[in-house]
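Be aware that the sequence shown starts at 451, since it is given in this note's numbering, and climbs by one per residue.
Yeah, the Cβ is synthetic: ideal placement off N, Cα and C, and Gly gets one too.
Please read the structure below before turning to the comments.
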Amino acid sequence: MELTISELESRFLESIAHFRAAPSFTKKDKKDSLLSQADVLCRTAEGLAFLYQSIPQINEAGIFEESSWAAPEHLVAYLAGGTLLAGYPISTMEALSELRLLAIAEHRIIHPTFSAEQALEFLEDMLVANFELAYEDFSQRAWAQYPKGELKKIRLLFNLIHQQVPLERLMPKIATAIESLSEHRPIVVSRIKRMLAVIHKQLQLDAKDPDGRRLLKFVNVLYQPTPQVEKHLSPEKYHQWLEKAAKADVKVESEQIGKRMAATGLVSDYQLVLFQYAVKHCPDVVPLILHLDAHGIADYERHEAFVGLLIQEFMVLGNKQAVYGLARVLQRNLLSRKVTWHALNRLTRVKIHPEVAKNLLRGNLSDEEVSPAQLLIGGALCALGQPLGLRQGNNPTCQSARGLSMWSRHAPGKLVNLLIDAATMNNVVFRYEGELIESAAVTEGLTRQFDYKLDPVSIVLVPHLDKIYNEMMKRAVVKHLGVDPHISVNPAFYGHW
Numbered sequence: 451m452e453l454t455i456s457e458l459e460s461r462f463l464e465s466i467a468h469f470r471a472a473p474s475f476t477k478k479d480k481k482d483s484l485l486s487q488a489d490v491l492c493r494t495a496e497g498l499a500f501l502y503q504s505i506p507q508i509n510e511a512g513i514f515e516e517s518s519w520a521a522p523e524h525l526v527a528y529l530a531g532g533t534l535l536a537g538y539p540i541s542t543m544e545a546l547s548e549l550r551l552l553a554i555a556e557h558r559i560i561h562p563t564f565s566a567e568q569a570l571e572f573l574e575d576m577l578v579a580n581f582e583l584a585y586e587d588f589s590q591r592a593w594a595q596y597p598k599g600e601l602k603k604i605r606l607l608f609n610l611i612h613q614q615v616p617l618e619r620l621m622p623k624i625a626t627a628i629e630s631l632s633e634h635r636p637i638v639v640s641r642i643k644r645m646l647a648v649i650h651k652q653l654q655l656d657a658k659d660p661d662g663r664r665l666l667k668f669v670n671v672l673y674q675p676t677p678q679v680e681k682h683l684s685p686e687k688y689h690q691w692l693e694k695a696a697k698a699d700v701k702v703e704s705e706q707i708g709k710r711m712a713a714t715g716l717v718s719d720y721q722l723v724l725f726q727y728a729v730k731h732c733p734d735v736v737p738l739i740l741h742l743d744a745h746g747i748a749d750y751e752r753h754e755a756f757v758g759l760l761i762q763e764f765m766v767l768g769n770k771q772a773v774y775g776l777a778r779v780l781q782r783n784l785l786s787r788k789v790t791w792h793a794l795n796r797l798t799r800v801k802i803h804p805e806v807a808k809n810l811l812r813g814n815l816s817d818e819e820v821s822p823a824q825l826l827i828g829g830a831l832c833a834l835g836q837p838l839g840l841r842q843g844n845n846p847t848c849q850s851a852r853g854l855s856m857w858s859r860h861a862p863g864k865l866v867n868l869l870i871d872a873a874t875m876n877n878v879v880f881r882y883e884g885e886l887i888e889s890a891a892v893t894e895g896l897t898r899q900f901d902y903k904l905d906p907v908s909i910v911l912v913p914h915l916d917k918i919y920n921e922m923m924k925r926a927v928v929k930h931l932g933v934d935p936h937i938s939v940n941p942a943f944y945g946h947w
């Protein structure tokens, strides 16, 4: 028979007393029992509220002693999300730790080394650093891998914290975080867009307020980039308006949307709709949509047919950031480099290896449908147009990330040809001191567990590059005893720059 919440609370209070009085040799067992009961209470709003009311007694009983949570001044805000998602018992200890910090912030617990102001600052930093976890409703595909019970526990915890630390209070820190994330124009912008989706839904931003204005710069580029979008608040209605609009009005739209993309590095659904319409009906405004300068316009005009092919066949809502990647490719005049153009042309016609296709789809965490080929081409445009963006995010090996960024900047044709090999054969070949190394023949690299929250080019290439680099290092250690292996490996891997 299931216990009532009242019975669970009574048993928990008894367990606190038993834990507190337990001799050292039974302390661990008593703590395990206490945590198990706390975990059950964490899964209902009433139980969590009870734990928060009881947190002074829990803290005083010594549950945090001799643990990673013992000294709140040593806690790291951005790590909280990972521990909350780690499952019982770690997630339960983290939840209790957050309740303790909330109690310190509200002066319900006086801590000798951590003030109320420090606790509040930590909670604010923790909410911003783990923004998606703190504010999303977990309906997105990205959360499907986690147990529903754990997600419910997390949501209840954050709902309680939000009562004391409202979203409005975090606006300055959120604005700073988004500005920092977008500064180097990362290819993977899902975190920025997810943060903006929450802000758009939950906050009424005021342009007269400095922090509101900072956030509106990013929110508007996605949701209201032009006055006409504001009047036609869906991509479908916006497309209907475009079909009836005068060419002069389409030109104004193109200028406004292009400027917003250039200022933030973000692409909206509306921009893609406008882009696809313009390519078919008024291609002369395409440079405005892409915010191209004279060099970019010249590259576009030389390769207008190829650009049209890229837009119509490979750009969809699921990879719309490729619009920004294409803009940067044209700005860099990469299509006018014969090697790069021929390689990109080949890439549009390749047959993707089934394993590579599966990995590309696995890395697509958006809720929009997109094919492996669209992901591959869109990713290639972004990688070529945004060399520094390849360094952003969870790239699992610094050697591979550095190589991708370096080749994008200095040898874009080589990068695309490597991508073709990996995409079609699930294999790449490098030469080291006269010997060929095939990634398919190498059993392991430096990375033990691959993270697919990467851009498509990294998803396709990094596993192979990781193996190649690791194999080169192994051979260098044997061939050149007592010599730094990087001396021979780095030129063979990266090239001479």
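The straight-line gap separating the alpha-carbon atoms of L485 and M543 is approximately 7 Å. For W857, same chain residues with a beta-carbon under 7 Å away, outside a window of 5 residues either side, are K864 and L865 in chain order. Two segments are said to touch when three or more pairs of C-beta atoms, one from each, lie closer than 8 Å; by this definition the region 591-611 touches the region 528-544. In this structure, DSSP gives R550 a helical state, which the three-state scheme calls helix. Burial of D916 is indicated by the presence of at least 16 other C-beta atoms within 10 angstroms of its C-beta. Note on C832: 16 or more other CB atoms within 10 angstroms of its CB, so buried under the neighbour-count rule. Residues of the same chain with a CB within less than 8 Å of the CB of L724, apart from the 5 flanking positions on each side, are Y688, L692, V700, E703, S704, I707 and I739 in chain order. Contact between Y944 and G853 holds: their C-beta atoms lie close to 6 Å from each other, under 8 Å. The three-state secondary structure of R881, taken from DSSP, is strand. Counting along the chain, the unbroken alpha helix (DSSP H) around H731 starts and ends at D719 to H731. Between the region 820-834 and the region 901-919, the count of Cβ pairs shorter than 8 Å is three or higher; the stretches touch.
With contacts defined by Cβ atoms closer than 8 Å, Y882 and A830 do not form a contacting pair. Taking a 10 Å sphere around the C-beta of D743, we find fewer than 16 other C-beta atoms and assign the residue as exposed. Here the C-alpha atom of E567 lies approximately 56 Å from the C-alpha atom of T874. Between the alpha carbons of S855 and A471 lies a gap of roughly 59 Å.
Nearest to N670 by alpha-carbon distance, out of K643, T847 and A695, is K643. L815 carries a coil assignment under DSSP once its states are collapsed to helix, strand and coil. Exclusion of the five residues before and after I637 leaves C832, Q836, G839 and D905 as the residues of its chain whose Cβ lies within less than 6 Å of its Cβ.
Under the DSSP assignment, L610 falls in the alpha helix (DSSP H) whose first and last residues are K598 to Q614. A495 counts as exposed, since fewer than 16 other C-beta atoms from the protein chains shown sit within 10 angstroms of its C-beta.
Distance from L653 to L666 at the Cβ level is roughly 10 Å; contact not present, criterion being Cβ atoms closer than 8 Å. The C-alpha of V820 is placed about 7 Å away from the C-alpha of N769.
In this structure, I624 is the residue among I624, K694 and R925 with its C-alpha nearest to the C-alpha of R663. Taking M922 as reference, the option from D479, G895 and K903 with the minimal CA-CA separation is G895.
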